[in-house]
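Asker: For the record, the sequence lines run as chains A and B. Taking this note's numbering, the leading residue of the first sequence gets 11, the next gets one more, and so forth. Taking this note's numbering, the leading residue of the second sequence gets 11, the next gets one more, and so forth. Glycine included, every Cβ here is placed at the ideal spot set by N, Cα and C.
2 protein chains.
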Amino acid sequence: MTELTITEVGMRDGLQMESVFVPTNQKIQIGLGLIDAGLQRIEATSFVSPKAVPQLADATEVISELRGRGATLAALVPNPRGAERALEAGVDELVMFISASETHNRHNVNRSVAESLENIAPMAQAVADSKRSLRAAVSTAFGCPWQGNVSAEEVARVIEGFAAQGVGAVTLGDTTGMATPPIVRHLCAKLAEWFPEVELTLHFHNTRGIGLVNVIAGLEAGITRYESALGGLGGCPFAKGASGNICTEDLVYLAAEMGLETGLDLRRLINLAERMQEILGHELSGQVMKAGPRLPVA
Amino acid sequence: MTELTITEVGMRDGLQMESVFVPTNQKIQIGLGLIDAGLQRIEATSFVSPKAVPQLADATEVISELRGRGATLAALVPNPRGAERALEAGVDELVMFISASETHNRHNVNRSVAESLENIAPMAQAVADSKRSLRAAVSTAFGCPWQGNVSAEEVARVIEGFAAQGVGAVTLGDTTGMATPPIVRHLCAKLAEWFPEVELTLHFHNTRGIGLVNVIAGLEAGITRYESALGGLGGCPFAKGASGNICTEDLVYLAAEMGLETGLDLRRLINLAERMQEILGHELSGQVMKAGPRLPVA
């Protein structure tokens, strides 16, 4: 049976989009609930400036409380200061992001892609010295809201830069929901050809309603690693009211129906998504949390 | 280039789920807008009892005003009285529904499937006499909220009953959103084998977030005819807050990105979905209407 590896990113990619600060103890409850539902990989927070993203100002506390509970804890780190904080806090996997699109990278971090790539080396060294893992996240890998299409070559340039520092775990981020089945198939095929040693993870958003359709295209391309968010948390800074990340429960439901093993407990995930909805005080976009699975689950 | 045939069902399957009555002139505006956007097939209303479904009490007026504007107008007819009214009003295609699930059929129309099948003959005769078309809609073809799974044999029994009356246009309805890719593939393959002469149309709901994933499975099974609703209108009587029909604009966007021809104007559809949202006064579940297509369209 094919196994899917799902990384839950709602606590990072979801909560950073919310207008409220979710109290630290509630974040920890959600994190523990995720582990209880079977998640072995959680992107739990981001070590960004608390001024820039106050929603995740408690990154250190969240990691401290969730450490040693059986899940690999990942966190986004935008710069050496963030990496230092993440290492101190005990993050297992540091995630560094660079955009494949030159324009998006400039808008996002005010640097060229080349300059961002130069910054990898010292961070990669610090992570290696600490015996932690480093993951490359390629933003706008399937399209850029400013530039439009992004070529496989542009994505490859970022992966090469990371690979040169020994980073072989790569997430392709569909930052603003521009992936389509043909783009997914083309990009995955090219990258598998150019970087056979790289382990690809796909991170789709449901901005245009086809997030799970893109997962199907990814599966056809042989990719079994995906990122998703409880309840479909998140949103899109470029499209008011648009959906966020693909929804973990919906993905787990689909996987189960397709005979793919995730190791996750759908009932617990649904309960947790309902709890998250209560915490946030607004409806989430997840569908299975409203309708339940098609048949009762054991 | 593969062509998709899309039947817009929002005016019927969508509006019947709304708590308000949309004024007749606004329905007609929407209908004309759909034709303007390129739709050649519109399921515009249902000739049910106005007491049972007051939202569609203006079925005759809606059909009269939209007739002769270039689109084939379909309407649901639950019984001989409805069929008579539909023929008088000038409907091009009458849609009769019978559930594949015995339990659902009893709950829905208080008759066994066998009894419902017996009722076809006089209606089929009346439709043939009037030189109109008759379509069979098989409800709960992919699963039943009471019974659970529905077998291909149960679906085939309904199709056989219609085929015996000369009805060769069949819509498989995923009434409560229980279709999954394996079920779609299995059912379509079986029916293609058993009824090679029947023209299949698939009608999916996005109740569990995988409506467009099921379209992909349908395409792989060689089906090019789909039903969808503007803005993802509709809902599920069995799941409060759940999504309704698959969304026309999202489907058209996906089709265009996959190189499939629909003949529909995405920009006009988005404008129309926004107009529908204004008319109804609540948010619709369509995604592309919020985010727009991934690249500007001409």
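Where does residue 106/A fall in DSSP's three states?
Answerer: strand
Asker: Is the Cβ of residue 69/A closer than 8 angstroms to any Cβ of chain B?
Answerer: no
Asker: Once the 5 residues before and after residue 44/B are set aside, which same chain residues still bring their CB inside 6 angstroms of it?
Answerer: 18 and 52
Asker: Do residue 24/A and residue 243/A come within 8 angstroms of each other at the CB atom, strictly closer than that value?
Answerer: yes
Asker: Once you ignore the five residues that flank residue 72/B on each side, which residues in its own chain have a CB closer than 6 angstroms to its CB?
Answerer: 37, 54 and 55
Asker: Would you mind giving the Cβ-Cβ distance between residue 11/A and residue 271/A, rounded to the nearest angstrom? I have them listed as a contact below 8 angstroms.
Answerer: 5 angstroms
Asker: Quick check on residue 267/B - is its C-beta less than 8 angstroms from some C-beta in chain A?
Answerer: Yes, residue 267/B counts as interfacial toward chain A.
Asker: Shorter than 8 angstroms from the beta carbon of residue 233/A to some beta carbon of chain B?
Answerer: In terms of beta-carbon proximity, residue 233/A stays away from the interface with chain B, with every pair separated by 8 angstroms or more.
Asker: Do we get a CB-CB distance below 8 angstroms when we pair residue 260/A with the residues of chain B?
Answerer: yes
Asker: Tell me which residue opens and which closes the beta strand (DSSP E) that residue 213/B is part of.
Answerer: 209 to 213
Asker: Check the C-beta distance from residue 298/B over to residue 259/B and give it rounded, since I have them as a contact under 8 angstroms.
Answerer: Here residue 298/B really is in contact with residue 259/B; their C-beta atoms are around 5 angstroms apart, less than 8 angstroms.
Asker: Under 8 angstroms Cβ-Cβ, which residues of chain D neighbour residue 198/B?
Answerer: Absence of chain D from the displayed structure is noted, the protein chains being A and B.
Asker: Just checking residue 65/A against the ligand GTP - is the residue's beta carbon closer than 7 angstroms to any of the ligand's heavy atoms?
Answerer: The ligand GTP is absent from the structure shown, which contains no ligand whatsoever.
Asker: What residue ranges within the region 241 to 290 of chain B form continuous beta strand (DSSP E) runs of no fewer than 3 residues, ordered along the chain?
Answerer: none
Asker: Measure the C-alpha to C-alpha separation of residue 48/B and residue 305/B and round it to an integer number of angstroms.
Answerer: So the alpha carbons of these two residues sit roughly 21 angstroms apart.
Asker: Would the region 208 to 218 of chain B count as touching the region 242 to 256 of chain B if we require 3 or more Cβ pairs under 8 angstroms?
Answerer: yes
Asker: For a quick check, are the C-beta atoms of residue 16/A and residue 282/A less than 8 angstroms apart?
Answerer: no
Asker: Any C-beta of chain A within less than 9 angstroms: which residues of the region 233 to 255 of chain B qualify?
Answerer: Those would be 242, 246, 248, 249, 250, 251, 252 and 253, in chain order.
Asker: Bridge partners for residue 16/A per DSSP, in chain order?
Answerer: 236/A
Asker: Which chain B residues sit within Cβ distance under 7 angstroms of residue 158/A?
Answerer: 305
Asker: Leaving out five residues on either side along the sequence, give the residues of the same chain with a beta carbon under 7 angstroms from the beta carbon of residue 294/A.
Answerer: 241, 242, 243, 283, 286 and 287
Asker: Using 8 angstroms as the cut-off, can you tell me whether the region 132 to 140 of chain B makes contact with the region 95 to 106 of chain B, which would need three or more C-beta pairs spanning the two stretches below that distance?
Answerer: yes
Asker: Contact defined as beta carbons within less than 8 angstroms: I believe residue 91/B pairs with residue 42/B. What is the distance between those atoms, to the nearest angstrom?
Answerer: Not quite, the Cβ-Cβ distance comes to about 28 angstroms (not below 8 angstroms), so this is no contact.
Asker: Give, in chain order, every residue of the region 202 to 219 of chain A whose Cβ lies closer than 8 angstroms to some Cβ of chain B.
Answerer: 216, 217, 218 and 219
Asker: Identify whether residue 126/B lies in helix, strand or coil by the three-state DSSP scheme.
Answerer: helix
Asker: Would a check of beta-carbon distances place residue 27/B closer than 8 angstroms to chain A?
Answerer: no
Asker: Helix, strand or coil, according to DSSP, for residue 56/B in the structure here?
Answerer: Looking at residue 56/B - three-state DSSP - the assignment turns out to be strand.
Asker: Determine, for residue 226/B, whether the minimum Cβ-Cβ distance to residues of chain A falls below 8 angstroms.
Answerer: For residue 226/B, a Cβ of chain A is located within less than 8 angstroms of the residue's own Cβ.
Asker: Determine the extent of the beta strand (DSSP E) in which residue 80/A is found, giving its start and end residues.
Answerer: It is not in any beta strand (DSSP E) - residue 80/A carries neither H nor E in the DSSP assignment.
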